[in-house]
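Asker: Okay, so the sequence shown: first residue is 135 according to the working numbering, each after it adds one. Here a beta-carbon is modelled for each residue, glycine too, at the ideal position from N, C-alpha and C. Quick caveat: nothing in here was measured; it's all calculated off a predicted structure.
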Amino acid sequence: MATMKIKKGDLVKIIAGKDKDKEGKVIAVNRKQNTVLVEGVNMVTKHVKPSMANQQGGIVHQEAPLHISNVMYVHKGKATRIGFKMDGDKKVRFAKSTGDIID
């Protein structure tokens, strides 16, 4: 399986779908399904039954997963593609628009 270019905690921009041009922080990444959960984006309503954890139940608004191809990493306020390169003996991500090392 290839490495994911988007990681948890990254700031991303949505490039397709109903929430196009919105930005948010990545909450979770699912490598098996190639999806990401972005804070405050792709909100859905879910009907929840009462349980021990949630006594009331009712309607809950929460984020739904987006496909990884529909998000782009934001670097210095602009959406950019991400590449990998070797920095000495360590593999690092870099922004393809500027060439800056991300982490």
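Along the beta strand (DSSP E) that carries GLN196, what are the first and last residues, could you check?
Answerer: It spans 192-197 - the beta strand (DSSP E) in which GLN196 sits, taken as one unbroken run.
Asker: If you pair each beta-carbon of the region 154-171 with each one of the region 180-194, do three or more pairs fall below 8 Å?
Answerer: These segments do not touch.
Asker: According to DSSP, which residues form a beta bridge with MET206?
Answerer: Answer is LYS147, bridged to MET206.
Asker: Given this structure, state the Cα-to-Cα distance separating SER185 from GLY191, to the nearest angstrom.
Answerer: Distance between the alpha carbons of SER185 and GLY191: 7 Å.
Asker: So what's GLY233 in DSSP terms, helix, strand or just coil?
Answerer: Residue state, collapsed to three classes: coil.
Asker: Would you tell me roughly how many angstroms separate the C-alpha atoms of PHE218 and ILE140, rounded to the nearest one?
Answerer: Roughly 12 Å between the two C-alpha positions.
Asker: Mapping the DSSP letters down to three states, classify ILE216 as helix, strand or coil.
Answerer: DSSP places ILE216 in strand when its eight states are reduced to three.
Asker: What are the complete beta strand (DSSP E) segments, minimum 3 residues, inside the region 154-185?
Answerer: Here the runs fully enclosed are 157-164, 169-172, 177-182.
Asker: Kindly indicate which residue of ALA213, GLY158, ARG215, ILE235 has the alpha-carbon position closest to the one of GLY222.
Answerer: Taking only the C-alpha atoms, the option nearest GLY222 is ILE235.
Asker: How would you call VAL170, buried or exposed, if buried means at least 16 neighbouring beta carbons within 10 angstroms?
Answerer: With 16 or more Cβ atoms within 10 Å of its Cβ, VAL170 is classed as buried.
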